[in-house]
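Heads up: the sequence shown begins at 44 in this note's numbering, then just goes up one per residue.
Backbone N, C-alpha and C fix where the C-beta goes; we use that ideal spot for every residue, glycine too.
All remarks here apply to the structure that follows.
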Amino acid sequence: MNPSKPKERPGYFGRLKRALQSTRRELSRRMNELLGPRESPISPEQLEELEYLLIGADLGVETSESLVAKIRQGGRGKRPISSGQARKLLASELLELFEAPGWREEWVAKPHVVLVVGVNGVGKTTTIGKLAHRYARAGKSAIVSASDTFRAAAVEQLSVWCRRSRAELIMQRGGTDPAAVLHDALQAAKARNKDVLLADTAGRLHTKRNLMEEVKKMARVAGRLVPGAPHDVYLVLDATTGQNGLIQAREFLTTLGVTGIVVTKLDGTAKGGIVAAIASQLKIPIRFVGTGEGLDDLAPFDRQTFVDSILG
Ligand SMILES: Nc1nc2c(ncn2[C@@H]2O[C@H](COP(=O)(O)OP(=O)(O)OP(=O)(O)O)[C@@H](O)[C@H]2O)c(=O)[nH]1
Ligand SMILES: [Mg+2]
44 MNPSKPKERP GYFGRLKRAL QSTRRELSRR MNELLGPRES PISPEQLEEL
94 EYLLIGADLG VETSESLVAK IRQGGRGKRP ISSGQARKLL ASELLELFEA
144 PGWREEWVAK PHVVLVVGVN GVGKTTTIGK LAHRYARAGK SAIVSASDTF
194 RAAAVEQLSV WCRRSRAELI MQRGGTDPAA VLHDALQAAK ARNKDVLLAD
244 TAGRLHTKRN LMEEVKKMAR VAGRLVPGAP HDVYLVLDAT TGQNGLIQAR
294 EFLTTLGVTG IVVTKLDGTA KGGIVAAIAS QLKIPIRFVG TGEGLDDLAP
344 FDRQTFVDSI LG
C-alpha cells in the first residue's frame, strides 16, 4: 500500500513554493543587497553579515554558523570567493541539512495508525483533516479518533473536517479519557477494515508531564490492539513560533518515538528558514508542510523545492 504514489498533484510543490514566497522575497532582497552581483568578491565581513542574515530568517544560530563556516571552507584556495560561489555553496550546504529523499508513505499494517501530537494551537486538528483528505484522494479509507478530550470544540472542528474529507469520526460525548476514545476508534477501524487511523490529541504543554504521559498511554493502547502501532507519530510545529517551537519539540522527541515532523503555517511567515533549523537540529525528517487553511493546503516536503524557493 502506498498512498503517496498514485498521483501527487504537480500543484503540491507549487504550494510549498508559494508558501515560501515572503521568505524568499525577504531573503533574496537582503542577500542581493549584501552580496551584490555574482562576480563581486566577498569579504570576511560580508560572510559574517550573511550569518546574521540567515539568523534573521530563523535558521537558528547554530545552523547559520555552520552553514557560513562551510562556505568559508569551500572558498579556501580561491580567495576571495565570489558572490556567485557563495550563493552556490549556500544552496548545496542547505540541501545537505535535510535527509535525502526516498521516503514513501509505505503502509504494511491495516489500519496504519498515526498519532498527531504537538503543543496548543500548532495545527494538529487541521493537519488531520488535510491528511484524511489526502488519503481519501488516494482511495484510502480513513478513520479519525477524536482523542482531544480537553477542548469541547475539538470534536465539532473535527467533524467538519471529516465530513469534507469523507472520513469516519469516532468520538465519545463527554468522554474524558483520550486513550479510551482511541481504543474505540482502533476497534472500529479493525472491524471496518480501514486503511488508516488518524488520532488527534490535545494541545499539551511540555511542562505538564501528565499530558505527555497520556500520549504515551495512547501509544501503548494502540500497540496492544494493532501490532506495531503507532506506526507513525507526527509532531506538528508552527513555523510562526520560530525557535520556541524547537524548544517545545525536544520534550516530545525524548518522550515519544516521533517518526516525522509537520511544519504548519509556512504561508504565514517570512521566516521560513525555521524549516532548515528544524531539520538540522532535530534530525527528524520533515514529512509535510502546511501551506494554508484549506483542505488541500498540505504539501509533502521536498528539500530541493525548499532550497530553490527560498534562495531562487
Ligand atoms: N495559515 C495557516 N493556518 C493554519 C495552518 N494549519 C493550521 N492553521 C490554523 O491554525 C489554527 C489552529 O489550528 P488547529 O488545527 O485548531 O490547531 P491544534 O493544534 O489542533 O490546536 P489545539 O487543539 O487547540 O491544541 C486554526 O485557525 C487553523 O486554521 C496552515 O498551514 N496555514
Ligand atoms: Mg486540535
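For residue i, three-class secondary structure by DSSP
i	result
Pro-154	coil
Val-104	helix
Ile-353	helix
Leu-138	helix
Ser-125	strand
Pro-221	helix
Asp-345	coil
Arg-81	coil
Ser-65	helix
Phe-331	strand
Leu-299	coil
Ala-189	coil
Ala-242	strand
His-149	The question names His, but residue 149 is Glu in the sequence shown. Note: Glu-149 maps to coil in three-state DSSP.
Val-264	helix
Val-159	strand
Contact test: residue i Cβ vs ligand 1 heavy atom, cutoff 7 Å
i	result
Val-276	no
Gln-200	yes
Ala-134	no
Residue i - containing beta strand (DSSP E), residue span
i	result
Thr-307	303–307
Val-198	First-last for Val-198: 196–208, but that is the alpha helix (DSSP H), not the beta strand (DSSP E).
Leu-212	211–213
Whole-Å CB distance - residue i paired with residue j, under 8 Å assumed
i	j	result
His-274	Val-157	7 Å
Asp-243	Trp-150	Rounded, the Cβ-Cβ distance is 19 Å, inconsistent with contact.
Thr-106	Ser-323	5 Å
Ala-129	Ile-85	5 Å
Leu-338	His-176	5 Å
Ala-272	Ala-152	7 Å
Val-187	Leu-201	6 Å
Proximity test, residue i beta-carbon vs ligand 2 heavy atom, cut-off 7 Å
i	result
Lys-167	yes
Gly-246	yes
Residue i, enclosing alpha helix (DSSP H) - first and last residue
i	result
Ala-175	167–180
Glu-94	87–99
Ala-279	Sequence inspection shows Val at residue 279; the Ala mentioned does not correspond to that position. Taken as a continuous stretch (DSSP letters only), Val-279 belongs to no alpha helix (DSSP H), being part of the beta strand (DSSP E) at 275–281.
Ala-357	Outside the displayed span of the chain (44 to 355) sits residue 357, for which this structure offers no information.
### Task
Pair every Cβ in the region 202–220 with every Cβ in the region 177–186, then say whether three or more of these pairs are closer than 8 Å.
Contact holds: three or more Cβ-Cβ distances are below 8 Å.
### the region 310–321 in contact with the region 112–126 per 3-pair CB rule at 8 Å
These segments do not touch.
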